[in-house]
Amino acid sequence: MKLIRPTPSVFARVTDFDDWLRHPLASMPSLGQFFSQLGEVFPGGTSDKMSVDVHEDKDAYYAHFELPGVKKENVKIELNDCLITVTAEKREKNGDSESRCALSRSVSVPDGVNVDAIVAKLEDGILNLTLPKAEHKKPRAIELN
Amino acid sequence: MNATCTPSTCAPAAPSGVTESVRKPLYKVKGNIDAYEVRVEMPGVPKSGVKLDLEDNILTVRGERASNVREGMRALHRELSPLNYLLRLRLNKPVDEDKMSAKLEDGVLSLILPLKEVAKPRQILVS
Numbered sequence: 002m003k004l005i006r007p008t009p010s011v012f013a014r015v016t017d018f019d020d021w022l023r024h025p026l027a028s029m030p031s032l033g034q035f036f037s038q039l040g041e042v043f044p045g046g047t048s049d050k051m052s053v054d055v056h057e058d059k060d061a062y063y064a065h066f067e068l069p070g071v072k073k074e075n076v077k078i079e080l081n082d083c084l085i086t087v088t089a090e091k092r093e094k095n096g097d098s099e100s101r102c103a104l105s106r107s108v109s110v111p112d113g114v115n116v117d118a119i120v121a122k123l124e125d126g127i128l129n130l131t132l133p134k135a136e137h138k139k140p141r142a143i144e145l146n
Numbered sequence: 005m006n007a008t009c010t011p012s013t014c015a016p017a018a019p020s021g022v023t024e025s026v027r028k029p030l031y032k033v034k035g036n037i038d039a040y041e042v043r044v045e046m047p048g049v050p051k052s053g054v055k056l057d058l059e060d061n062i063l064t065v066r067g068e069r070a071s072n073v074r075e076g077m078r079a080l081h082r083e084l085s086p087l088n089y090l091l092r093l094r095l096n097k098p099v100d101e102d103k104m105s106a107k108l109e110d111g112v113l114s115l116i117l118p119l120k121e122v123a124k125p126r127q128i129l130v131s
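Put into structure tokens, the structure is as follows:
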């Protein structure tokens, strides 16, 4: 027997990023890794892209963005429909001058996230986003009568 | 500007037996007349995870990442490297070890390594 929950949204397939992450190529070395290796070949730069990890457990999804050298006040997180966008401005003092670099990265929010309870924390150059799953999306045991 | 210091990277010390996989962090070095200024990007490394060492004019910076992953978590998408950081720089001018300073802020380590007095360029007055 299968329990199937009807999906209310017609965009369900798009929002279900679980699906495309299970894509056979999802485990390939990402462009991000490719560029960080490039960074080793040409050292002396600063990262101009934002790497992201996404994890999941039974309670929530967790997104970790790498943002070295970015101050809390220069990070903007926007939730728009099913997309969370992190925009950060990296400022680097160089004597009297200051260089600025804007970075941006979007992650699609999986279906069934309690968007009102999303928490963000910036620590040691890593932005941690916690996207709690809505109660009805958590796995639960069904008791036999 | 030949008087400025220019460090060069050097390969990790020849491993004896086990090799630890590490990665080289992104870094920038500014060589001034009187000091090296080094900026190393080490996101995910807490203050307690940074180790600095200066021996034989080789500066070693190690950064140990604090893991974001707890038990029961499943990776859906991975770009961040879990490897710790290791950077070794050969300094071509002697550094005054007592005056070195280091600051870790927002995942960026800023080092100021003042040169020893003898290494600084001197002006000789004509009498």
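Chains D and S, in that order, are what the protein sequence lines are.
Read in order, the letters of the first sequence are residues 2 to 146 in the numbering used here.
Read in order, the letters of the second sequence are residues 5 to 131 in the numbering used here.
Note that beta-carbon positions come from the ideal geometry of N, C-alpha and C, so glycine has one too.
It should be emphasised that the depicted structure is a prediction, and the values quoted were computed from it without experimental measurement.
Residue D/E57 holds the alpha-carbon nearest to the alpha-carbon of D/D112 among D/E57, D/M51 and D/K50. Nearest neighbour of S/M46 by Cα position, chosen from S/K32, S/N36, S/I37 and S/A39, turns out to be S/K32. By the rule that beta-carbons nearer than 8 Å mark a contact, D/S107 does not touch chain S.
In this model, S/L95 and S/L115 are separated by some 13 Å (Cα to Cα). Linking S/N36 to D/E90 through their CA atoms gives a straight-line distance of about 27 Å. When C-alpha distances from S/S105 are compared across S/A39, S/L30 and S/K28, the shortest belongs to S/A39. One thing to note: D/V116 has its Cβ no nearer than 8 Å to the Cβ of D/T131. Residue state for S/D57 is assigned as strand, using DSSP reduced to three classes.
Between S/L119 and S/K97 the beta-carbon gap is near 5 Å, inside 8 Å, which marks them as a contact.
Looking at the DSSP output, S/A106 bridges to S/L115. In the displayed model, D/N81 falls within a strand according to three-state DSSP. S/E75 and D/K59 have their C-alpha atoms roughly 11 Å apart. Contact check for S/V65 and S/L113: beta-carbon distance about 7 Å, within the 8 Å limit, so the pair qualifies. Counting the other Cβ atoms within 10 Å of the Cβ of D/P69 gives 16 or more, which makes it buried. If you check the CB distance, D/V114 and D/P140 do not come in under 8 Å.
Put simply, of S/M77, S/S71 and S/S52 the residue whose alpha carbon is nearest the alpha carbon of D/A61 is S/M77. Taking a Cβ-Cβ threshold of 7 Å, the residues of chain D close to S/R82 are D54, in chain order. Neighbours of S/D110 in chain D, taken as residues at a C-beta separation under 8 Å, are given in chain order as L68, P69, G70, V71, K72, L123, D125 and G126. Taken through DSSP and simplified to helix, strand or coil, D/V116 comes out as helix. In the DSSP assignment, D/H65 is bridged to D/D54 and D/N129.
Comparing alpha-carbon positions, the option among D/S100, D/N129 and D/M51 lying closest to D/T88 turns out to be D/M51. Rounded to the nearest angstrom, the Cβ distance from D/V53 to D/L123 is 14 Å, too far for a contact under 8 Å. Residue pairing from DSSP places D/S105 in a beta bridge opposite D/T88.
The shortest C-alpha to C-alpha distance from D/G96 to any of S/G67, S/R126 and S/E41 is the one to S/E41.
Assignment of S/V122 by DSSP, reduced to helix, strand and coil, places it in the helix class. For D/H137, there is no enclosing beta strand (DSSP E), as DSSP marks it with neither H nor E.
Note on S/L90: 16 or more other CB atoms within 10 angstroms of its CB, so buried under the neighbour-count rule. A70, N72, V73, R74, G76, M77, R78, A79, L80, H81, R82, E83, L84 and S85: these are the residues of the segment 66-93 of chain S whose beta carbon lies less than 8 Å from some beta carbon of chain D, given in chain order.
Taking CB atoms only, D/N129 has a neighbour in chain S less than 8 Å away.
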